[in-house]
Amino acid sequence: MATVQSAIQKVGPCGGGSSVPARDMDVTGITRIVTIAIRHGASIDALMVRYERNGRVESTDLWGGQGGRLTEINLEINEYITNVRGHIAPWGNTLQVRSLKIETNMNSYGPFGTQEGNPFELPAMGGGVIGLFARAGSMVEAIGVYVKTTVQSTANKVGPCGGGSGVTARDMDLTGVTRIVTVGIRHGASIDALMVRYERNGSVESTDLWGGQGGRLTEINLKQDEYITLVRGHIAPWSDTWQVRSLKLVTNLESYGPYGTEQGVPFELPAGVGRIIGFHARAGSMVEAIGVYVKDKMGNVWSSQEPIIKKIGPCGSGSGVTEKDMDITGVTRIVKISIRHGASIDAMFASYERNGKVESTNRWGGEGGRLTEINLQTNEFITNVRGHIAPWANTLQVRSLTVVTNLNTYGPYGTQEGVPFQLPAIGGRVIGFFARAGSMVEAIGVYVKAGESVDAGAPGQWTQSETSFWGRPVPGA
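For what it's worth, full-length UniProt numbering labels the leading residue of the sequence shown as 1, then goes sequentially.
Below is the structure:
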């Protein structure tokens, strides 16, 4: 059995709150989170965390005010948090956390509050959330997580992306499923319905129709040696929820779609080095959310022992400015980061290697400040991006950036002022960036590729083992 190594990393925060108290936990010796208490109405009014340390249950203070109603999420003894997601939106001259959703290895809780503003995600990337930190006065204005990592090998769903909390959950029993045969999509202006035919024990079976009879039917019939590697699309508001507005399926051989209307917030559900073996969704008369199941090349249901790419963040605001993003398909490494900086971060762009060639993003931001170029060595990769965000006019801006690699630390650039944040590449490396920028950079996030083996002793190392990060044996190990 390999030696278990674990590390606790601070991820975030997402939000504002530079003028309100920082709330934090001492995570030393914590073995699990017992309860998350959330006070919520139109926004997230307050948080409180109960946790187990040295066999005793302790608690944080109430982070925030007394408004809203109280919901307590009591976790089972073998349940742990794998993702915290939500929305941030302007409030006065700062931001507030408008919604929260807590995802565990067993359940999904929420959303609480109002799903309005800029979405964010704080995934545990193959580990577990062991603590929270925040900024809060009378409301919660920013939130972040502590993640404990080694390797977690239980089966995971990826997604869903979308809304549909009030409609029927649709799912597949993956037992014995060897491949997807056909994906049927009913589509018009949006995605009306889905149906999946798949092979199990040599026979072809099918899900029910997930959704309504609207739109026209397109059937994607996969070849015997063809499998889905990526599902992407858009989600957009629809009445009091969200709906899937477009879908595109990418396989190892072809690309199908887009179907529907490419309008709203884009999402991606990649298979990493594996393949998509099933779907899950929420649907009434329309498809309101979609997710996937992923298997690795050995046929095991996806676990964090295989490389995956996750979007983390963004930290900051910028809802009224342009979204900047990278297509990370085929990107093998970041070659150079260019940052324009003065009192704040004026602009950035990234150069990266894809299929043996160096490509570059456009400049994200303005012409202000002076230019610094960070040229990475061939064996050098980014393990953490940290910095500060602070109010600027009626939004936030990224005030400072520090780029940490397995070999060096670059920066800080800009001014270390405001709310600190971190975007660590938990168990992996940063493979790309996304942002919101006009004349300045107002929000930043990263793409992390996790699950690759790293050289022994290299900074940022994580170790694959036969135990979970809680120290318990992994089923089937």
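Cβ atoms here follow ideal geometry from the backbone N, Cα and C, with glycine treated the same way.
Please work out which residues of its chain come closer than 6 Å, Cβ to Cβ, to residue i, disregarding the five sequence neighbours upstream and downstream, and give them in chain order.
i	result
threonine 35	Arg50, Glu72 and Asn74
arginine 53	Gly29 and Ile30
proline 270	Leu230 and Ile309
threonine 114	Ala42, Arg98 and Ser99
arginine 245	Ser190, His234, Ala236, Gly260, Thr261, Gln263 and Gly264
proline 420	His388
glycine 176	Arg200 and Asn201
serine 400	Gly387, His388, Pro412, Gly414, Thr415 and Gln416
asparagine 355	Gly330
residue 555	There is simply no residue 555 to check, as the chain begins at 1 and stops at 477 in what is shown.
isoleucine 345	Val398, Leu401, Gly414 and Val441
proline 111	Ser99 and Lys101
tyrosine 410	Ile374 and Val403
Find the nearest neighbour of residue i within the set the options, judged by alpha-carbon distance.
i	options	result
glycine 12	Ser255, Glu226 and Arg135	Arg135
leucine 47	Arg53, Asn54 and Asp61	Asp61
arginine 69	Met139, Ile309 and Met106	Met139
valine 84	Gly233, Val147, Ala350 and Ile374	Val147
proline 21	Gly65, Gly365, Ile30 and Gly368	Gly65
lysine 324	Arg370, Thr175, Gly445 and Asp171	Gly445
glycine 137	Pro111, Arg23, Leu122 and Thr207	Arg23
threonine 415	Gln397, Arg429 and Gly284	Gln397
arginine 436	Asn362, Asp225 and Phe381	Asn362
glutamate 367	Ile38, Ser439 and Tyr80	Ser439
arginine 282	Gln377, Pro123, Gly127 and Asp171	Asp171
arginine 32	Ile81, Thr168, Glu353 and Pro424	Ile81
glutamine 377	Tyr352, Ala124 and Asn78	Tyr352
tryptophan 63	Tyr198, Arg216 and Met25	Met25
arginine 429	Ile102, Ala169 and Arg333	Arg333
tyrosine 109	Ala37, Pro424 and Leu217	Ala37
glycine 316	Lys336, Ser203 and Trp392	Trp392
arginine 216	Met286, Val335, Thr178 and Tyr198	Met286
glycine 127	Pro266, Val321 and Pro424	Pro424
Round the Cβ separation of residue i and residue j to the nearest angstrom and send it over; I've been treating them as touching at under 8 Å.
i	j	result
cysteine 14	isoleucine 130	Incorrect: roughly 18 Å between the Cβ atoms, too far for contact.
asparagine 252	tyrosine 227	6 Å
alanine 390	glycine 418	3 Å
glutamate 141	leucine 174	Actually they do not touch by this definition, with Cβ atoms about 41 Å apart.
valine 403	isoleucine 382	6 Å
threonine 104	glutamate 121	Threonine 104 to glutamate 121, Cβ: 15 Å. No contact.
According to the neighbour-count rule (16 or more other Cβ atoms, all chains shown, within 10 Å of its Cβ), is residue i buried or exposed?
i	result
glycine 55	exposed
asparagine 406	buried
isoleucine 88	buried
serine 59	exposed
asparagine 118	buried
arginine 106	Residue identity differs from the one stated: residue 106 is methionine in this sequence, not arginine. Its Cβ having fewer than 16 others within 10 Å, methionine 106 is exposed.
glycine 457	For glycine 457, the predicted structure reports a pLDDT of 31, less than 50, and the residue's modelled location is therefore unreliable. The matter cannot be settled from this model.
glutamine 243	buried
glutamate 76	exposed
lysine 449	buried
lysine 223	exposed
glutamate 268	buried
glutamate 254	exposed
aspartate 192	buried
arginine 39	buried
glycine 194	Correcting the residue type first, residue 194 is leucine in the shown sequence and not glycine. Buried, by the Cβ-count rule.
aspartate 225	exposed
leucine 247	buried
serine 465	A caution first: serine 465 carries a pLDDT of 28, below 50, which makes its placement in the model too unreliable to give a value.
Could you pull out every residue in the same chain whose Cβ sits closer than 8 Å to the Cβ of residue i, ignoring the five residues on either side in sequence?
i	result
glutamine 422	Gln9, Lys10, Val11, Gly12, Gly144, Asn384, Val385 and Arg386
valine 57	Val34, Arg50 and Tyr51
phenylalanine 434	Lys311, Gly313, Pro314, Glu323, Lys324, Asp325, Met326, Ile444, Gly445, Val446 and Tyr447
lysine 157	Legend: pLDDT at lysine 157 = 48, less than 50; position of this residue unreliable, value from coordinates given subsequently. Closer than 8 Å at the Cβ level, and outside the excluded window around lysine 157, lie His280, Gly291, Val292 and Tyr293.
glutamate 116	His87, Ala89, Arg98 and Ser99
valine 196	Met172, Ile180, Thr182, Val183, Gly184, Ser206, Thr207, Gly278 and Phe279
glutamate 380	Thr405, Asn406, Leu407 and Asn408
threonine 133	Before going further, note that residue 133 is phenylalanine rather than threonine in the sequence given. Excluding positions up to five away in sequence, the list reads Lys10, Gly12, Pro13, Ala22, Arg23, Asp24, Met25, Ile143, Gly144, Val145 and Tyr146.
For a test of your reading of the model: does the CB of residue i fall under 6 Å from any non-hydrogen atom of the ligand FMN? Yes or no.
i	result
glycine 368	By its list of ligands, the structure shown contains no ligand whatsoever, and the ligand FMN lies outside what it can speak to.
Counting only beta-carbon atoms, is residue i nearer than 7 Å to chain D?
i	result
methionine 172	Included in the structure is just one protein chain, with no chain D present.
Which residues in the same chain as residue i place their Cβ atom closer than 7 Å to its Cβ, once the five residues preceding and following it in sequence are excluded?
i	result
phenylalanine 349	Ser338, Ser360, Thr361, Asn362, Arg363 and Trp364
glycine 284	Val167 and Thr168
glycine 67	Arg39, Gly41 and Asp45
serine 203	none
threonine 218	Ile185, His187 and Tyr259
Discussion item. Using a Cβ distance threshold of 8 Å, determine whether the stretch 253-273 contacts the stretch 183-198, with at least three qualifying pairs required.
Written reply: yes
Fill in: Contact the stretch 209-220 vs the stretch 229-237: 3+ CB pairs below 8 Å
Verdict: no, contact absent.
Discussion item. Is it the case that the stretch 338-348 contacts the stretch 367-383, given that we only count it when at least three CB pairs across the two stretches are under 8 Å?
Written reply: yes
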